[in-house]
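Novice: Protein chains in written order, with our numbering: chain R, 1 to 579; chain G, 1001 to 1044. Just so it is clear, CB atoms sit at the ideal spot from N, CA and C, and this is done for glycine as well. Quantities reported herein were computed from a predicted structural model and do not represent experimental measurements.
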């Protein structure tokens, strides 16, 4: 990074803290601090919802996935728009009218204290750890590609985020999210424009996409029904629907966003913004990855994108093997460059010429993939980690090697922005659940609002410290985007199951919900334990469906066995009832 | 119980019927999926 890039990153960090604090009003009141006094317009909440979901893992990892696997990851989001409609019709108005601070508060009204406590605890465990991973992802990547110390990088992301979240509460989080989304989208668009302008002479955008298509990168939809395939149309539309229902409906980090809206309608609009924009935005980010792939067809790419992995293999007894692969890679990459150029130029030519050029390119690309795969195999062997990939290093390598001065700073700031916007919302939600569901419910029920406000600030700071510590230890977990999504899926389906039980099964009771939730978590844990290529092989997206169904099933049976529910309890928690 | 502030229902704005927006969301998703499928076929 050069001086202008540093200036952009430093200016971003200073501005984001200052602006977050400037935009915060009435944060000396509990409702202002935790719910923004229900004053935010739909577009602010909507952008905050999107910024919370779009972490640095999404930005960096998704681009890498676009490079490796093309557009297929977009299927993960196919269930999201439908989930937003269902939530707008059900949980959004219900939570809003109930006047709750956390989603789990509602579970006590509908069921009992133990169900609320268990659900909130499941959220805190899952989010607390995943928040650490969300800091770890960009911190690790930036520390390696920029040569920074990992702990310092974690602190550079974590400390400013904790400062504006502690001092400004949910309003600082929401208003900075708006600006951070602008930086992220601006950075992505700038990178896409640079990628398109860097195509070689005579290679049009259409030709570039045709080349990418020949390498399988333009395949966005896979209709095959394979449980083992992570991203298919069906896993996206069914598993993704359950995941989105759970994430946006039962995860406090998202529920808290729309509880800050001015009205139920504004809360609904904020979610529907994602329903319209999320898939196109993901396509844009994945397309950026596809264009990086095309870019590296015509420019020299490293054999492996993680320089630390290469260095470690070179320091091992596999160094000779790796050097031989490097030489083979240089030859194959050059051959692919020629084949790609020929194919791109023949793409609009005669059919026979085009087919021959296409076949030559596909063969050359397969050769390069084979060398890269063998090199990654060496890395996996040296590290003893079968899941190790360099997917998260592809985009940063491109940024730092090929983008002009200033734009490098903007893209690094965009990665910071993506990380900070998610982390801030999650710290905010973790603190709210800790204080509302534990401190003021169990530890100090007589606490005044001022005491609770102080506890909220302390809880935010404490979660900040905890997640930074987790981040340092979680830094080596393979493809981080999948780690976070997979870990979430262990809990999400079961949490959703409790809310389905609450709203859909009139006779379900507290015992049913509590043991149903435990049963759902246990079922997913058992399935995850047995999930593997030589056993019951399924995508982790299906865990969401399994968890939700298991909770509903076990919860219903336990409720019936333990005598069902009284009419009063049902009235307190049914949908449409203005609690 | 946690002492959450009850909603001020008397001041709550009237909720609007959003059916048309929901239908629009479904239409936009179908168009997006068709566009992705078309792109996949064209650039295959």
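Quick check on DSSP: helix, strand or coil for residue 303 (chain R)?
Specialist: coil
Novice: Give a yes or no on whether the minimum CB-CB distance between residue 50 (chain R) and chain G is below 8 Å.
Specialist: no
Novice: Would you report the Cα separation of residue 110 (chain R) and residue 495 (chain R), rounded to the nearest angstrom?
Specialist: 15 Å
Novice: At least one CB of chain G closer than 8 Å to the CB of residue 538 (chain R): is that the case?
Specialist: Taking Cβ atoms only, chain G never reaches closer than 8 Å to residue 538 (chain R), which makes this a no.
Novice: Does residue 1016 (chain G) pass the burial test, meaning 16 or more other C-beta atoms within 10 Å, or should it be called exposed?
Specialist: Around the beta-carbon of residue 1016 (chain G), fewer than 16 other beta-carbon atoms lie within 10 Å, marking it exposed.
Novice: In chain G, which residues lie less than 8 Å from residue 219 (chain R) when you measure between Cβ atoms?
Specialist: 1040, 1044
Novice: By alpha-carbon positions, which one of R:249, R:128, R:181, R:9 ends up nearest to residue 87 (chain R)?
Specialist: The candidate whose alpha carbon is nearest that of residue 87 (chain R) is R:249.
Novice: Hey, does residue 1031 (chain G) have any beta-carbon neighbour from chain R nearer than 8 Å?
Specialist: Chain R contact via Cβ: absent.
Novice: Would you call residue 50 (chain R) buried or exposed, if buried means 16 or more other Cβ atoms sit within 10 Å of its Cβ?
Specialist: Its Cβ being crowded by 16 or more others within 10 Å, residue 50 (chain R) is buried.
Novice: Would you verify that the beta carbon of residue 1021 (chain G) is, or is not, closer than 8 Å to some beta carbon of chain R?
Specialist: By this cut-off, residue 1021 (chain G) is an interface position.
Novice: Which full runs of the alpha helix (DSSP H) of 4+ residues lie inside the stretch 87-155 of chain R, going along the chain?
Specialist: 91-98, 105-110, 113-146
Novice: Skipping 5 residues on each side, what residues in its chain have a beta carbon closer than 6 Å to that of residue 1005 (chain G)?
Specialist: Because residue 1005 (chain G) carries a pLDDT of 47, less than 50, the predicted location of this residue cannot be relied on, and the following value inherits that uncertainty. Once the five neighbours on either side are set aside, residue 1005 (chain G) has no close Cβ partner at all.
Novice: Answer with buried or exposed for residue 175 (chain R), where buried requires no fewer than 16 other C-beta atoms within 10 angstroms of its C-beta.
Specialist: Around the Cβ of residue 175 (chain R), a 10 Å sphere holds 16 or more other Cβ atoms; the residue is buried.
Novice: If I measure Cβ to Cβ from residue 14 (chain R) and keep anything under 8 Å in the same chain, skipping five residues before and after, which residues do I get?
Specialist: none
Novice: At the level of alpha carbons, what is the spacing between residue 135 (chain R) and residue 243 (chain R)?
Specialist: 22 Å
Novice: Could you list the residues in the stretch 252-273 of chain R with a C-beta less than 7 Å from some C-beta on chain G, going in chain order?
Specialist: Listed by position along the chain: 263, 264, 265, 268, 272.
Novice: Please report how far the alpha carbon of residue 472 (chain R) lies from the alpha carbon of residue 1022 (chain G), in whole angstroms.
Specialist: 43 Å
Novice: Since residue 381 (chain R) meets chain G, which of its residues come closer than 9 Å, beta carbon to beta carbon?
Specialist: Here the premise fails: no neighbours, minimum Cβ distance about 35 Å.
Novice: Which residues does DSSP pair with residue 454 (chain R) in a beta bridge?
Specialist: DSSP links residue 454 (chain R) through a beta bridge to no other residue.
Novice: Cα separation between residue 491 (chain R) and residue 128 (chain R)?
Specialist: 13 Å
Novice: Taking C-alpha atoms, which residue in R:21, R:102, R:519, R:36 lies nearest to residue 263 (chain R)?
Specialist: Out of R:21, R:102, R:519, R:36, the CA that lies nearest to the CA of residue 263 (chain R) is found in R:36.
Novice: From residue 185 (chain R) to residue 199 (chain R), what does the alpha carbon distance come to, in whole angstroms?
Specialist: 22 Å
Novice: Taking 8 Å as the cut-off, decide whether the C-beta atoms of residue 214 (chain R) and residue 358 (chain R) are in contact.
Specialist: yes
Novice: Might you give, ordered along the chain, the residues of its own chain that have their beta carbon closer than 7 Å to the beta carbon of residue 20 (chain R), omitting 5 neighbours on each side?
Specialist: 164, 168, 172, 175, 176
Novice: Which residues in the same chain as residue 253 (chain R) place their Cβ atom closer than 7 Å to its Cβ, once the five residues preceding and following it in sequence are excluded?
Specialist: 52, 127, 425, 426, 429
Novice: In whole angstroms, what separates the C-alpha of residue 348 (chain R) from that of residue 202 (chain R)?
Specialist: 11 Å
Novice: What does residue 281 (chain R) reach in chain G if we use C-beta pairs closer than 7 Å?
Specialist: In chain order: nothing, as chain G lies at least about 11 Å away.
Novice: Is residue 447 (chain R) near residue 440 (chain R), with beta carbons less than 8 Å apart?
Specialist: yes
Novice: Return no unless some Cβ of chain G is closer than 8 Å to the Cβ of residue 85 (chain R).
Specialist: yes
Novice: Interface residues of chain G around residue 275 (chain R) at Cβ under 7 Å?
Specialist: 1025
Novice: Among R:374, R:333, R:375, R:275, which has the Cα closest to the Cα of residue 361 (chain R)?
Specialist: Among R:374, R:333, R:375, R:275, the Cα nearest to that of residue 361 (chain R) belongs to R:333.
Novice: Enumerate in chain order the residues of its own chain whose CB-to-CB distance from residue 329 (chain R) is below 6 Å, with the five nearest sequence positions on each side excluded.
Specialist: Cβ within range, chain order: 303, 371.
Novice: Between the Cα of residue 530 (chain R) and those of R:228, R:398, R:24, R:189, spot the shortest distance and give me the residue it belongs to.
Specialist: R:228
Novice: Assuming the contact rule is C-beta atoms closer than 8 Å, residue 193 (chain R) and residue 414 (chain R) should be a hit. Round their C-beta distance to whole Å, please.
Specialist: The C-beta separation of residue 193 (chain R) from residue 414 (chain R) comes to about 14 Å, leaving the pair out of contact by the 8 Å criterion.
Novice: Excluding the 5 residues preceding and the 5 following residue 112 (chain R) in the sequence, name in chain order all residues of the same chain whose CB lies nearer than 7 Å to its CB.
Specialist: Sequence-distant partners of residue 112 (chain R) (beyond 5 residues in either direction) whose C-beta falls short of 7 Å from its own C-beta, in its chain, are 510.
Novice: Could you tell me whether the Cβ of residue 81 (chain R) comes closer than 8 Å to any Cβ of chain G?
Specialist: yes
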